[in-house]
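Notes for the one structure printed next.
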Amino acid sequence: MATPSGKAAIPNPQASKRALPRDASSEVPSKRKNSNPTSTLPRPSEPFVEGSIVRIAMENFLTYDICEVSPGPHLNMIIGANGTGKSSIVCAICLGLAGKPAFMGRADKVGFFVKRGCSKGLVEIELFRTSGNLIITREIDVIKNQSFWFINKKPVTQKIVEEQVAALNIQVGNLCQFLPQDKVGEFAKLSKIELLEATEKSIGPPEMHRYHCELKNFREKEKQLETSCKEKTEYLEKMIQRNERYKQDVERFYERKRHLDLIEMLEAKRPWVEYENVRQEYEGVKLVRDRVKEEVRKLKEGQIPMTRRIEEIERQRRTLEVRIKEKATDIKEASQKCKQRQDCIERKDRHIKELQQALTVKQNEEHDRQKRISNTRKMIEDLQNELRTAENCENLQPQIDAITNDLRRVQEEKALCEGEIIDKQREKDMLEKQKRSVSDHIIRFDNLMNQKEDKLRQRYRDTYDAVLWLRNNRDRFKQRVCEPIMLTINMKDNKNAKYVENHISSNDLRAFVFESQEDMEIFLREVRDNKKLRVNAVIAPKISYADKAPSRSLNELKQYGFFSYLRELFDAPDPVMSYLCCQYHIHEVPVGTERTRERIERVIQETRLKQIYTAEEKYVLKTSFYSNKVISSNTSLKVAQFLTVTVDLEQRRHLEEQLKEINRKLEAVESGLVTLRDMNRHLELKDNELRLKKKEFLERKTRKRQLEQKISSKLGSIRLMEQDTCNLEEEERKASTKIKEINVQKAKLVTELTGLVKICTSLHIQKVDLILQNTTVISEKNKLEADYMASSSQLRVTEQQFVELDDNRLRLLQKCKELMKRARQVCNLSADQAVPQEFQTQVPTIPNGHNSSPPMVAFQDLPNTLDEIDALLTEERSRASCFTGLNPTVVEEYTKREVEIQQLTEELKGKKVELDEYRENISQVKERWLNPLKELVEKINEKFSHFFSSMQCAGEVDLHTENEEDYDKYGIRIRVKFRSSTQLHELTPHHQSGGERSVSTMLYLMALQELNRCPFRVVDEINQGMDPINERRVFEMVVNTACKENTSQYFFITPKLLQNLPYSEKMTVLFVYNGPHMLEPNRWNLKAFQRRRRRITFTHPSQ
């Protein structure tokens, strides 16, 4: 096939000699995206290998609408840019030959391979077969996610298709045969065991993998038989040993049974002996109980006379107590009368004392009055003398005026000083208020900074610890060191924090910024090496980028909705801003609004910016190397986490300076206040001194007037005291007359009191006599009651003893019945059953009158006391306890084991015969499998080593196993060496680089190529990780190997090739083009292209 394209070119002039495909059908391959796989070289009619692909047709499959590919019988190079549809051909081969969708690594459902917007798709593969080509068609239903299969246009099941494909030795699931793009990396991840299995299936004879599977199954069964024989042998030996041990146990069982029979006899006799002991104890208790009952009766009869005498004495006592109460009443009445007379006498005595005290008071008052008059007259004389000697007060006025002037001047100075103090205090209060306000502002700034530090500590604890270390060790650094960028950035508007956080990586947000390389090394040595903290550090550019102007003015971009560059959204220290401008180009990244998002296509086409932000998205723009078109990708903005807290560090520094200025002013005001207060105290003292002097002069000036007033007042007091006179003689006469009258009344009361006292004394004597009689009666009664209590106590003790004995008798009686019942149970006799004469020795009587059951005659030879029986029981039980672990089933189990041992011996013989047969089979199959396998691996190693030697490298393939008998552990080991200074290393996903793994994989597949019995092999983009030298060498090997005679078909897919590569006449190159100038499907005519090609060839034969 050919596709007209201005950019298409034949890589090698030799390729132009290739003929077009043999069939000149006019089927039109097409692709809605105007991409067509085309064969640029004609192909001669060369023989295909059985099962090779002759034709691939696709309809509504992935990127294709309708497409048909006709590959050559040898090497097929499928070339095209990324995204044109090369791997779609690989997917068509896999799915068309009944491969699993998941094997491609693209999707797990077949419906996803149908072109978007179509409900059905089709893949058709034509395979070469000498008996007639095999056409396999797969129709895919997207809605049902089902496939419908056809072979040569006839419907079949998927199983039949799989059988037909397997019959041609096609294995699309084998990485050694079919290596799609997404599975290239997995080839190196194949284990040695998996690689061996894939190689066996790919190039080995059909029976090789079957033999390997049989060996693994035989070995597994052999292990099971060995384990079974070992377990049965061990079990048989244990059974034999156990039976040998149980021979002694059987003999000991009968010995133990003899001891148990004797124990049973002793336990049967013991209840009878125990019953007899309890019966005798019962008879003794009954006799004692009857004797105590008689004593109780006698004690009760002796208490009757004593009770009668006590009642008679109680009646006498009550009579005497009534008479004593009557005398007490009479005594109380007489005593009350005496008390009344005594109270009257005491009142008379108090009246006399009151009269005498009133007279004494009047005498004292008169004496005091005369004394006060004398003192007052003396004070008047002293005041008159002082008045005569007083100075002339008119000369003191000039001094008082001078002091008044001085006092006025001091008060004015004091008022002025106090005013200044008030002004200073008001200024101090205002400064303190300003200080509190500024301090509150600083605290709020610190709280915001603490919030940012808390977020840093919670998310990046090591970085937070490093910040604390830096703050304590800033003196160790020569130049400026900035804390993590997320702490130093201060957003001008919190809403814009999301743009900055989405633009700057999290590693740089928590990075420390240094101006000196030496400082950064000191920091990292201390923090990373010594403290083991995981921190990031960067160096700011030597030339500051902080003020670098953007390449385009913001005014030009405002028409698209941009309102700012990222740099203008926040403030940061100069080193931080310089680093961000240099590293992240924040001065070149504009930030837009929703308006920008609405006209994003226009923004992309006209501005040619590399990065832009809209209200909620970030756009990254790149220019394609193929089409020079702008490719854009957008991502949604994440919510800001760290920069939402805004701290204006410049304002905080300004507040700190303002606080220092306020503190300085406060100190000055405080010093001025101290000076003014000292001055005020001095003026206060001077004011007090002047006031005292003025007061002293004023007092001296007013002293004469005060003395005259005092003299006048004292004279008035004397006149009042002289008027208040008292006649003491008259008062004494009146008091004497009243006292005489009261004494007469008092004498009469004393006579009456004497008579009442005599009567009261007589009544007391009579009462005492009655009390003595009552005491005698009570004493006699107490004695009788004591005797009665003693008798009652003895009676209670005796009755308690009787109750206890009676309870003991009933308990023993019940125990006798229980022991009798237990004895009958031991002898297996019912309550009404008569005892045979031959077993009777004596017939004891139960207390209730019934006959007891006798012990057996055999009891006569056993001991007759409980101690002897218990001693013998203990001895026999000890002897029986020596025979532990025995039971009646021991003999039965012994016999059963003998039978089981015989059966197990026969079964073990059969297992050993079966094991020998399996070992013989393993030996035969191993010989048929291992020798051909070693020869095959040796051939692969020869080819593989040759290919590596031609590349000046070394490679080796060998058959690897740790144990020859573990057939499931056999594997193919690939070892390679790409440098002369190293040793051979096993090919793994981790040791070699991606390019080295690709080279090793490619050379291993080429080593299989000549040995391979599969009809074709597919390798998709395996050369992508190779360097140019290795890619050229590998390509030459692929061409030389795949273009040999009698080799299988080879598909090599790649997006690019190096220049001046060698090509072969047997190669088929298929170009997949994609672009705006492709022919429409209805204009595609393969026959016309072939005719034109022939005319060109005939016209210019020299070319």
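Each residue of the sequence shown is one higher than the last, beginning at 123 in the numbering used here.
We treat Cβ as the ideally placed atom computed from N, Cα and C, and that holds for glycine.
(1) Take residue 457 and list the residues in its own chain whose beta-carbon comes closer than 8 Å to its own, dropping the five residues that flank it on each side.
(2) Taking its Cβ as the centre, do 16 or more other Cβ atoms sit within 10 Å of residue 996, making it buried, or is it exposed?
(3) Helix, strand or coil, according to DSSP, for residue 613 in the structure here?
(4) To test your reading of the DSSP string, which unbroken alpha helix (DSSP H) runs of 4 or more residues are found completely within the segment 688-751?
(5) Going by the CB atoms, is the gap between residue 176 and residue 1234 shorter than 8 Å?
(6) How long is the line joining the alpha carbons of residue 1095 and residue 596, rounded to whole angstroms?
(7) Consult DSSP for residue 277 and reduce its assignment to one of helix, strand or coil.
(8) At the level of alpha carbons, what is the spacing between residue 1175 and residue 1192?
(9) Note down the Cα distance separating residue 782 from residue 788, rounded to an integer number of angstroms.
(10) Would you mind stating whether residue 390 and residue 938 have Cβ atoms separated by less than 8 Å?
(11) Among 452, 263, 529, 258, which has the Cα closest to the Cα of residue 283?
(12) Could you have a look at residue 222 and say whether DSSP puts it in helix, strand or coil?
(13) Check each candidate in 900, 867, 1077, 463 and name the one with the smallest Cα separation from residue 876.
(14) Can you give the beta carbon distance from residue 688 to residue 603, rounded, assuming they're within the 8 Å contact cut?
(15) Just the Cα atoms here: how many angstroms apart are residue 510 and residue 498?
(16) Is the beta carbon of residue 453 closer than 8 Å to that of residue 889?
(17) Roughly how many angstroms lie between the CA atoms of residue 329 and residue 1183, to the nearest whole one?
(18) Which word fits residue 700, buried or exposed, when buried means at least 16 other C-beta atoms lie within 10 angstroms of its C-beta?
(19) With 16 other CB atoms within 10 Å as the buried threshold, where does residue 209 fall?
(20) With the cut-off set at 8 Å, would you say residue 573 and residue 767 are in Cβ contact?
(21) Using the DSSP secondary-structure output, state which residues sit across from residue 1142 in a beta bridge.
(22) Would you call the segment 1041-1050 in contact with the segment 334-346, where contact means no fewer than 3 C-beta pairs closer than 8 Å?
(23) Can we say the segment 428-447 touches the segment 899-918, given the rule of at least three CB pairs closer than 8 Å?
(24) Just list the beta strand (DSSP E) runs in the segment 631-663, keeping only unbroken ones of 3 residues or longer that don't cross its boundaries, in chain order.
(25) Would you be able to state if there are at least three C-beta pairs under 8 Å between the segment 574-586 and the segment 792-810?
(26) To the nearest angstrom, how far is the alpha carbon of residue 351 from that of residue 1073?
(27) Which word fits residue 489, buried or exposed, when buried means at least 16 other C-beta atoms lie within 10 angstroms of its C-beta?
(28) For residue 319, which of 1165, 1200, 1082 has the nearest alpha-carbon?
(29) For residue 445 and residue 477, what's the separation of their Cα atoms in angstroms?
(30) By alpha-carbon positions, which one of 1089, 492, 581, 441 ends up nearest to residue 608?
(31) First and last residue of the beta strand (DSSP E) that includes residue 242?
(32) According to DSSP, is residue 666 part of a helix, a strand, or is it coil?
(33) Quick one: measure Cβ to Cβ for residue 725 and residue 685, integer angstroms, because I've assumed they're closer than 8 Å.
(34) Only counting runs of 3 or more residues, tell me where the beta strand (DSSP E) segments fall wholly within the segment 1072-1103, in order along the chain.
(35) Can you give me the C-alpha to C-alpha distance between residue 944 and residue 1019, rounded to a whole angstrom?
(36) Can you give me the C-alpha to C-alpha distance between residue 407 and residue 907, rounded to a whole angstrom?
Considering the structure as presented:
(1) The count along the sequence shown starts at 1 and reaches residue 457 at position 335. Cβ neighbours of residue 457 beyond the five flanking positions: 882.
(2) Within the sequence shown, residue 996 is the residue found at index 874, counting from 1. That one is exposed.
(3) As a position in the sequence shown, residue 613 is number 491, starting the count at 1. The answer is strand: DSSP assigns residue 613 an E or B state.
(4) 696-706, 716-720, 722-729
(5) Any answer about residue 1234 is impossible in this case: the structure gives the chain only from 123 up to 1225.
(6) Mapped onto the sequence shown, residue 1095 falls at position 973. Mapped onto the sequence shown, residue 596 falls at position 474. Computed Cα separation, rounded: 59 Å.
(7) Mapped onto the sequence shown, residue 277 falls at position 155. Here residue 277 sits in strand by DSSP.
(8) Here residue 1175 refers to the residue found at position 1053 of the sequence shown. Here residue 1192 refers to the residue found at position 1070 of the sequence shown. Roughly 9 Å separates the two Cα atoms.
(9) By one-based count along the sequence shown, residue 782 stands at place 660. By one-based count along the sequence shown, residue 788 stands at place 666. Answer to the nearest angstrom: the Cα atoms are 10 Å apart.
(10) Position 268 of the sequence shown, counting from 1, holds the residue named residue 390. Position 816 of the sequence shown, counting from 1, holds the residue named residue 938. In this structure, residue 938 does not lie closer than 8 Å to residue 390 by Cβ.
(11) The sequence position of residue 283 within the sequence shown is 161, counting from 1. Among 452, 263, 529, 258, the Cα nearest to that of residue 283 is on 258.
(12) The residue given as residue 222 occupies position 100 in the sequence shown. In this structure, residue 222 counts as coil in the three-state DSSP scheme.
(13) To locate residue 876, count along the sequence shown from 1; it is residue 754. The shortest Cα separation from residue 876 among 900, 867, 1077, 463 belongs to 463.
(14) Reading the sequence shown from its first residue, position 566 is the one you call residue 688. Reading the sequence shown from its first residue, position 481 is the one you call residue 603. Residue 688 to residue 603, Cβ: 24 Å. No contact.
(15) Working through the sequence shown from its first residue, we reach residue 510 at position 388. Working through the sequence shown from its first residue, we reach residue 498 at position 376. Each residue's alpha carbon lies about 19 Å from the other.
(16) Here residue 889 is taken as the residue at index 767 of the sequence shown, counted from 1. Here residue 453 is taken as the residue at index 331 of the sequence shown, counted from 1. In this structure, residue 453 lies closer than 8 Å to residue 889 by Cβ.
(17) By one-based count along the sequence shown, residue 329 stands at place 207. By one-based count along the sequence shown, residue 1183 stands at place 1061. Their backbone Cα atoms lie some 40 Å apart in a straight line.
(18) Position 578 of the sequence shown, counted from the start, is the residue given in the question as residue 700. Buried: at least 16 other Cβ atoms inside 10 Å.
(19) Counted from its first residue, the sequence shown places residue 209 at position 87. Buried, since its Cβ has 16 or more Cβ neighbours within 10 Å.
(20) Mapped onto the sequence shown, residue 573 falls at position 451. Mapped onto the sequence shown, residue 767 falls at position 645. Yes, the Cβ-Cβ distance between residue 573 and residue 767 is below 8 Å.
(21) Counting from 1 along the sequence shown, the entry for residue 1142 is found at position 1020. Answer by DSSP bridge pairing, in chain order: 1175.
(22) yes
(23) yes
(24) 633-636, 658-661
(25) no
(26) Residue 351 sits at position 229 when you count from the first residue of the sequence shown. Residue 1073 sits at position 951 when you count from the first residue of the sequence shown. If I take the Cα positions, the gap works out to 56 Å.
(27) As a first step, residue 489 is located in the sequence shown; it is residue number 367 there, counting from the start. The residue is exposed, with fewer than 16 neighbouring Cβ atoms inside 10 Å.
(28) Translated into positions along the sequence shown, residue 319 becomes position 197. Residue 319 has its Cα closest to that of 1082, out of 1165, 1200, 1082.
(29) In the sequence shown, residue 445 corresponds to position 323, counting from 1. In the sequence shown, residue 477 corresponds to position 355, counting from 1. Distance between the alpha carbons of residue 445 and residue 477: 49 Å.
(30) Locating residue 608 in the sequence shown gives position 486, where the first residue counts as 1. Measuring from the Cα of residue 608, the nearest candidate turns out to be 581.
(31) Here the question's residue 242 lines up with position 120 in the sequence shown. Here the beta strand (DSSP E) through residue 242 covers 242-249.
(32) One-based indexing of the sequence shown puts residue 666 at position 544. Three-state result, residue 666: coil.
(33) In the sequence shown, residue 725 corresponds to position 603, counting from 1. In the sequence shown, residue 685 corresponds to position 563, counting from 1. 14 Å between Cβ atoms; not a contact.
(34) 1076-1082, 1093-1099
(35) By 1-based counting over the sequence shown, the position of residue 944 is 822. By 1-based counting over the sequence shown, the position of residue 1019 is 897. Straight-line Cα distance between these residues: approximately 43 Å.
(36) Here residue 407 refers to the residue found at position 285 when the sequence shown is read from its first residue. Here residue 907 refers to the residue found at position 785 when the sequence shown is read from its first residue. For residue 407 and residue 907, the distance between alpha carbons rounds to 34 Å.
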